[in-house]
Amino acid sequence: MIILQQLFHEMIKQDIRPYLSKHGFSKKGSNFYKMTGSLIYLFNFQKSSGNLADNVMFYVNCGIYAEELARIQSREILTKPKEEDCHFRARIGEIAESVPDRFSITPTTDMDDMRKTLQNGLEKVIEFNNTMISARSLVDYYISGPFLHLSEESLHLLLQSNDVGAAKLFFKALQKKYGTEKRWSIFEYKYKVIFNKYGVEFDNL
704 MIILQQLFHE MIKQDIRPYL SKHGFSKKGS NFYKMTGSLI YLFNFQKSSG
754 NLADNVMFYV NCGIYAEELA RIQSREILTK PKEEDCHFRA RIGEIAESVP
804 DRFSITPTTD MDDMRKTLQN GLEKVIEFNN TMISARSLVD YYISGPFLHL
854 SEESLHLLLQ SNDVGAAKLF FKALQKKYGT EKRWSIFEYK YKVIFNKYGV
904 EFDNL
């Protein structure tokens, strides 16, 4: 497995690092970071815990961290967040559909082909990142779902910016999608508290 591990590390050093550096990313450990305004974009290369002598598997995790959303969460502002700290998280294959979620290096792996596949996936994620330029961009992404993930933070951000109309539409979309689930009453109570905090009558939504 030592030889295969070397292939992995050489690919990161000789191909991935220069490619991401060209796009403004810097490396720390297994993470690559790019800071733009109040957002931090991240790529994390995670080796599988189940690697064998003849098979080194790894994942590419993608994240976006928003300082504004961290403040809403009353969390410490991070300059080098881990993947799990990010407000947007996805495997590379979720954004670049032609790229696998998990990569595997075996004695028969065509490393040139893997490099091309990886760089194609990284390029697609960078293109996606270029559409995510602010905390509001992340909120709009979750509104489009609509998703429960970050729904409370999203409502806070909308109401802080006095976008009451968008906040009401988001709530109604969430209610339509999740309103029949048993857990909905828990979320509804949390949303009511948020609307009331900003002086918006919840009962009139």
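In our numbering, each number is its position in the sequence shown, counted from 1, plus 703.
Each residue gets a CB set at the ideal place from its N, CA and C atoms; glycine is no exception.
The ligand SAH heavy atom lying under 7 Å from the CB of residue i
i: M817; result: Because no ligand of any kind appears in the structure shown, any question about the ligand SAH cannot be addressed here.
Residue environment, residue i, which counts as buried when at least 16 other CB atoms sit within 10 Å
i: I780; result: exposed
i: E797; result: exposed
i: E856; result: buried
i: S864; result: exposed
i: V896; result: exposed
i: G882; result: exposed
i: S854; result: buried
i: Y894; result: buried
i: G740; result: exposed
i: N899; result: exposed
i: I846; result: buried
i: N833; result: exposed
i: N734; result: buried
i: P849; result: buried
i: P784; result: buried
Identified DSSP bridge partners for residue i
i: N747; result: N734 and N764
i: A769; result: L742
i: F791; result: I767
i: V759; result: I808
i: S729; result: Y736
8 Å Cβ cutoff met for residue i and residue j
i: C765; j: F748; result: no
i: N723; j: I808; result: One detail in the question is off: residue 723 reads as Leu in this sequence, not Asn. Cβ distance not < 8 Å, so L723 and I808 don't count as in contact.
i: I795; j: V828; result: yes
i: L744; j: I719; result: For clarity, residue 744 is Tyr in the given sequence; the question names Leu instead. Result no, Cβ atoms of Y744 and I719 do not sit closer than 8 Å.
i: K716; j: F728; result: no
i: A793; j: G824; result: no
i: P721; j: D757; result: no
i: L851; j: F874; result: no
i: F711; j: V759; result: yes
i: R805; j: Y844; result: no
Residue ranges of each alpha helix (DSSP H) within the stretch 797-848, 4 or longer: 814-832 and 838-847
Any 3 or more C-beta pairs closer than 8 Å across the stretch 851-860 and the stretch 761-779: yes
Touch test, the stretch 810-824 against the stretch 775-790, Cβ-Cβ under 8 Å, three pairs minimum: no
May I ask you to verify whether the stretch 825-839 touches the stretch 867-875, counting CB pairs closer than 8 Å and requiring at least 3? In this structure the stretch 825-839 does not lie against the stretch 867-875, because fewer than three pairs of beta carbons, one per stretch, are closer than 8 Å.
Completely contained alpha helix (DSSP H) runs for the stretch 864-907, where each covers 4 or more residues: 867-881 and 887-900
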